[in-house]
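Okay, so the sequence shown: first residue is 1 according to the numbering used here, each after it adds one.
Built from N, CA and C at the ideal position, the CB exists for glycine as well.
This one's a predicted model, so the numbers in the text were calculated from it and none came from an experiment.
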Amino acid sequence: MHELLIATHNPGKLREYAAIFDGLGLTLRTLDDLGISEDVEETGATFEENARLKAEGYLALSGLPTLADDSGLEVAALNGAPGVYSARYGGVKGAAQLQYLLDQMKDVPWHQRVARFVCVIALARPGQPTQFAQGTLSGVIEAAPRGTGGFGYDPLFYLLDDDKTLAEVPAERKNQISHRAEAARAARVFLEQW
Ligand code: ITT
1 MHELLIATHN PGKLREYAAI FDGLGLTLRT LDDLGISEDV EETGATFEEN
51 ARLKAEGYLA LSGLPTLADD SGLEVAALNG APGVYSARYG GVKGAAQLQY
101 LLDQMKDVPW HQRVARFVCV IALARPGQPT QFAQGTLSGV IEAAPRGTGG
151 FGYDPLFYLL DDDKTLAEVP AERKNQISHR AEAARAARVF LEQW
């Protein structure tokens with residue numbers, strides 16, 4: 001039995017990894033399953049540093065091979081913000097955070113609203129160097145939120161190919177095209193080698 005700890009406190013991420021790794025023969029464990037309530041602090045300046053901190057930190061706490069990701073939204077007109085600060089952008093959460101982003105962009109015209117999601121996965125296991133995989137997804141920041149699927153900034157992330165936001169497409173579609181899915185496909189190659 002191959003156990004892998006998916007080290008996240010974000011239930012949206014957990015759902016997506018469970019769907020993306022379905023059929024790989026892995027037994028996925030969560031922090032809740034293992035009774036781990038400690039928070040590994042994300043003090044890094046890059047997605048990669050934070051993913052490493054989380055994967056190695058939770059490996060040390062659990063003893064299990066561990067996958068952690070650091071992900072976020074980069075908006076070109078905001079010089080790449082919120083970036084690694086996506087989860088705490090504006091010091092608010094949920095709908096208020098979407099409104100905060102819209103307020104920052106109120107004078108930015110449609111053709112300058114390009115953005116991308118970035119996901120860096122770190123895979124850590126005992127006695128081995130940590131491995132990394134990355135994925136991105138390009139889109140445009142909408143003028144108002146639409147849709148109820150996904151999590152985080154999905155209702156504001158408009159997909160040109162779908163003419164829908166990431167919160168309006170089915171979960172299966174998000175899990176084919178997302179930054180997390182792309183990174184997970186690359187991570188899967190490492191997992192198969194393990
Ligand atoms: P963990 O650290 O426990 O995994 P977190 O939510 O704090 O959970 P991050 O530090 O990686 O995770 O922050 C990522 C933030 O970026 C997340 O809270 C969302 O606001 C945003 N984000 C990342 N991926 C996203 C996605 O697929 N859809 C929408 N927003 C996303």
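Residue list, Cβ distance to ligand 1 heavy atoms smaller than 5 Å: Ordered along the chain, residues surrounding ligand 1 are T8, H9, N10, D70, S71, G72, S86, A87, G152, Y153, D154 [Cβ under 5 Å from any heavy atom].
First through last residue of the beta strand (DSSP E) which encompasses S71: On the sequence shown, position 71 is the one that residue 71 refers to. Here the beta strand (DSSP E) through S71 covers 66–75.
Among G72, T130, A95, the one whose alpha carbon lies nearest that of A45: Here residue 45 is taken as the residue at index 45 of the sequence shown, counted from 1. Looking from the CA of A45, the closest CA among G72, T130, A95 belongs to G72.
Pairwise C-alpha distance: L4 and E192: Locating residue 192 in the sequence shown gives position 192, counting from the first residue. Locating residue 4 in the sequence shown gives position 4, counting from the first residue. If I take the Cα positions, the gap works out to 12 Å.
Collapsed DSSP secondary structure at R29 in the structure displayed: Mapped onto the sequence shown, residue 29 falls at position 29. Here R29 sits in strand by DSSP.
Sequence-distant residues of its chain with Cβ nearer than 8 Å to V84 (five each side left out): Numbered from its first residue, the sequence shown carries residue 84 at position 84. Within the same chain, V84 has close Cβ partners E42, G44, A45, T46, F47, N50, D70, G72.
Spatially closest choice to H179 from V120, T8, L156, K93, by CA coordinates: Taking the sequence shown and counting its residues from 1, the one referred to as residue 179 is at position 179. Of the residues V120, T8, L156, K93, the one whose Cα lies closest to the Cα of H179 is V120.
In chain order, each beta strand (DSSP E) run of at least 3 residues that lies wholly inside the region 147–185: You should have 157–159.
When A77, V75, D32 are compared against Y58, the one with the closest alpha-carbon: As a first step, residue 58 is located in the sequence shown; it is residue number 58 there, counting from the start. The option with the nearest alpha carbon to Y58 is D32.
Beta-bridge partners of P82, as assigned by DSSP: Here residue 82 is taken as the residue at index 82 of the sequence shown, counted from 1. E74, per the DSSP bridge assignment.
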